[in-house]
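Q: Using full-length UniProt numbering, count along the sequence shown one by one with no gaps and you end on 355. All C-beta atoms in this analysis are idealised placements derived from N, C-alpha and C, irrespective of residue type, glycine included. Just so you know, these numbers come straight off a predicted model, no measurement behind them.
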Amino acid sequence: MASDNAALSAAVAAATATLDRIKPPAGVIMPPPGEMREVIEKTAGYAVRGGAGIEARLRENHSNNPKFSFVTNPEDAFHAYYEWRKEEYKAGRVTAVAAGRVGGDAAAQPGAAGGANGAAASEAPKGPEKPPDYAFSARLPIMNAKDLDVLRLAASFVAVHGQPFLTKLMQREASNAQFQFLLPNHSLHNYFQHMVEQYTKINKDLGAAAAPAPEPDAEADAEANAEADANTNGKANGNTNDSSTQPADRLAALRKNVDERFSILLRAKQRIAYKEWETAQRKKEEHERVVAKEELARVDWTNFTVLETIMFNDADDTAQLPPPTSLNDLQYASLEEKSKLSMSANRMIEEAFPF
Numbered sequence: 001m002a003s004d005n006a007a008l009s010a011a012v013a014a015a016t017a018t019l020d021r022i023k024p025p026a027g028v029i030m031p032p033p034g035e036m037r038e039v040i041e042k043t044a045g046y047a048v049r050g051g052a053g054i055e056a057r058l059r060e061n062h063s064n065n066p067k068f069s070f071v072t073n074p075e076d077a078f079h080a081y082y083e084w085r086k087e088e089y090k091a092g093r094v095t096a097v098a099a100g101r102v103g104g105d106a107a108a109q110p111g112a113a114g115g116a117n118g119a120a121a122s123e124a125p126k127g128p129e130k131p132p133d134y135a136f137s138a139r140l141p142i143m144n145a146k147d148l149d150v151l152r153l154a155a156s157f158v159a160v161h162g163q164p165f166l167t168k169l170m171q172r173e174a175s176n177a178q179f180q181f182l183l184p185n186h187s188l189h190n191y192f193q194h195m196v197e198q199y200t201k202i203n204k205d206l207g208a209a210a211a212p213a214p215e216p217d218a219e220a221d222a223e224a225n226a227e228a229d230a231n232t233n234g235k236a237n238g239n240t241n242d243s244s245t246q247p248a249d250r251l252a253a254l255r256k257n258v259d260e261r262f263s264i265l266l267r268a269k270q271r272i273a274y275k276e277w278e279t280a281q282r283k284k285e286e287h288e289r290v291v292a293k294e295e296l297a298r299v300d301w302t303n304f305t306v307l308e309t310i311m312f313n314d315a316d317d318t319a320q321l322p323p324p325t326s327l328n329d330l331q332y333a334s335l336e337e338k339s340k341l342s343m344s345a346n347r348m349i350e351e352a353f354p355f
């Protein structure tokens with residue numbers, strides 16, 4: 001049963017892909033991919049096999065159904081495509097959808113319809129094995145040099161002194177725009193967390209001493225910060241839960257680089273092969289998007305309906321708006337400058353994190 005369902009799904013996918021490869025002659029508008037194209041293809045096959053009576057019944061029973069407007073209305077945008085598909089069927093250029101074989105003979109003979117497609121799917125190249133991610137790498141967002149220095153310095157202190165230091169820093173600098181990156185919902189917070197993780201790994205590998213325990217008179221303060229520490233740890237990204245074996249693994253990898261001369265070259269070759277394969281896949285996907293865009297451009301977009309009209313009044317002309325600025329000024333402005341450019345104190349100007 002499972003193999004039959006797989007064969008049926010493969011046959012349907014192959015038949016749909018065949019419709020996507022159809023190229024109509026010049027001047028004939030091709031319907032968009034999906035249900036409409038399949039309906040036209042099936043109707044064309046039924047009309048040729050059943051004769052003029054099929055179309056007569058469609059005009060009689062579905063004259064008000066927009067789904068079959070390409071049959072009942074000669075002025076429909078897809079009527080010419082429907083007529084062309086009928087001529088193609090009569091000439092012997094038949095698709096599985098028009099012949100009505102999808103799900104019938106294809107399911108009964110999986111080797112004939114789904115076998116080739118299944119073999120192609122099984123033999124599809126998976127590409128080289130993905131190399132491990134860099135342990136000390138993070139995408140640098142567009143930010144001011146001052147913000148970068150402050151962020152990295154704060155991350156190094158948090159890595160040494162732990163989460164209690166971060167909690168106290170957040171409380172002390174809550175009103176300071178320069179430390180807005182400490183907030184979990186800030187666009188630079190993810191980069192800050194990456195820096196904390198990397199500094200923490202370095203400290204562990206170098207055997208840095210742990211942060212001293214809180215003093216007896218600070219027990220109440222530590223208890224108040226417990227919940228904030230848990231929330232901060234839960235929102236940290238990536239490999240914050242390093243096991244005790246990870247530093248040893250990294251040190252072992254460094255020793256392997258020294259003992260085996262070609263270790264780094266082999267890893268570099270692996271990354272190059274994966275990068276080339278990834279680039280080829282990206283180009284293939286881009287080509288498919290271009291083809292889909294060209295097919296979408298064949299649709300007649302002149303037939304549209306106005307849904308809503310937006311009217312501007314006198315209040316819009318007198319609205320107090322911030323002075324115009326360039327994209328470069330916004331990208332490289334410091335956090336303090338962005339706080340001044342904002343229209344209100346609770347609405348900060350931020351950039352999206354570049355994923």
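Quick one: Cα of Arg282 to Cα of Arg271, how far?
A: One C-alpha to the other measures close to 16 Å.
Q: If you check the beta carbons only, do Leu166 and Leu182 fall under 9 Å apart?
A: A contact, by the Cβ cut-off of 9 Å.
Q: Kindly indicate which three-state DSSP category Lys130 falls into: helix, strand or coil?
A: Three-state result, Lys130: coil.
Q: His79 by DSSP, collapsed to three states: which one?
A: Note: His79 maps to helix in three-state DSSP.
Q: Return the residue from the list Gly50, Ile142 and Ala135 that minimises the CA-CA distance to Gln331.
A: It is Ile142.
Q: Just to confirm, are Met30 and Arg298 a CB contact at a threshold of 9 Å?
A: A contact, by the Cβ cut-off of 9 Å.
Q: Mind checking Ile264: buried by the 16 CB within 10 Å criterion, or exposed?
A: It counts as exposed.
Q: Which runs of the alpha helix (DSSP H) fall wholly inside the stretch 149–195 and span at least 4 residues, in chain order?
A: With a minimum length of 4 residues, the continuous alpha helix (DSSP H) runs that stay inside the stretch 149–195 are 163–172.
Q: Please go through the same chain and pick out, in chain order, the residues whose beta-carbon is closer than 7 Å to the beta-carbon of Tyr89, but skip the five residues on each side of it.
A: Taken in chain order, the residues that qualify are Ala44, Gly45, Val48 and Ala98.
Q: Near Ala248, what residues of its chain come up, given a Cβ to Cβ distance below 7 Å and the 5 sequence neighbours on each side ignored?
A: None.
Q: Between which two residues does the alpha helix (DSSP H) holding Asn328 run?
A: Per DSSP, Asn328 belongs to the alpha helix (DSSP H) from Leu327 to Gln331.
Q: What residues in its chain sit with their C-beta under 7 Å from that of Pro24, if we drop five residues either side in the sequence?
A: Met30, Tyr81 and Trp84, listed in sequence order.
Q: Tell me, to the nearest whole angstrom, how far the beta carbon of Ala138 is from that of Tyr191; I am working on the premise that it is less than 8 Å.
A: The Cβ separation is near 6 Å, so the contact holds.
Q: Specify the secondary structure class of Gly114 as computed by DSSP and reduced to three states.
A: For Gly114, the pLDDT reaches just 40, beneath the cut-off of 50, and the residue's location in the model is therefore unreliable, although a value from the coordinates is still provided. Residue state, collapsed to three classes: helix.
Q: Since I believe Ile40 is in contact with Phe70 (beta carbons under 8 Å), could you give me their beta-carbon distance rounded to a whole number of angstroms?
A: Phe70 to Ile40, Cβ: 6 Å. Contact.
Q: Out of Asn64, Lys67 and Lys86, point me to the one whose CA is closest to Val50's CA.
A: Sequence check: residue 50 is Gly here, not Val. That would be Lys86, whose Cα lies nearest to the Cα of Gly50.
Q: Quick check: the Cα distance between Arg59 and Ala26, rounded to an integer number of angstroms?
A: Answer to the nearest angstrom: the Cα atoms are 28 Å apart.
Q: Quick check on DSSP: helix, strand or coil for Met311?
A: In the structure shown, Met311 sits in coil (DSSP, three-state: anything other than H, G, I, E or B).
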